[in-house]
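Comments concern the structure below.
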Amino acid sequence: MRIIILSYIIPSGFEGTIWIAFNQPNGINPVLDSLGNAIIEIPNNGLLQTTMKENALATANKNYRILERLEKNIFKEYKTFDKFDKYDSTYFGLEDTIAIMCGFNQTPREDINRIFGKKVEGNVMTIYIGKYPEERKQGYPWSNNF
């Protein structure tokens, strides 16, 4: 059985919350690499609507990478943690930008609809990009970013 690896490409210098609405009829199609893995490019505003069906199994098994686009074909992989992971600053420098995979449907639907400026059906994934001290000051860092 082939393991699927999802790649989320984040704009250079982005910090804050990323919202990905899956199964959107008018969404953007993901790009597939030569092995058929989805590459999901996040726009500068952090909001993406995609036609792709969510892959909860790949997310739960941490079969994804979150990459910062530094230049056209140059990327840096973030140190990435699940919101339930136990981690501290021994895993990275206090000034490093990290990624926290928050999961699906972590925010009330009314707020999601307000964030996207329309009614959104389907699952919405939240990813937080930020610095460790900022993230740890808040229980759910993405909640203050919309």
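Counting from 42, one number per residue, gives the positions in the sequence shown under our numbering.
Here a beta-carbon is modelled for each residue, glycine too, at the ideal position from N, C-alpha and C.
Just so you know, these numbers come straight off a predicted model, no measurement behind them.
Distances from the alpha-carbon of Q147 to those of F133, G163, L135 and Y132 put G163 closest. One alpha carbon belongs to M93, the other to R155, and they sit about 22 angstroms apart. Residue state for D137 is assigned as coil, using DSSP reduced to three classes. In the structure shown, the three-state DSSP call for Y169 is strand. Contact fails between the segment 111-125 and the segment 79-99, because fewer than three Cβ pairs, one in each stretch, are under 8 angstroms apart. In this structure the segment 61-75 does not touch the segment 122-140; the number of beta carbon pairs closer than 8 angstroms is below three. DSSP places I153 in the uninterrupted alpha helix (DSSP H) bounded by R150 to F157. Relative to G171, the option among I50, S53, I45 and G57 whose CA is nearest is G57. With a contact defined as Cβ atoms closer than 8 angstroms, L108 and S48 qualify at about 6 angstroms. Burial state of N102 is exposed, judged by a 10 Å Cβ sphere holding fewer than 16 other Cβ atoms.
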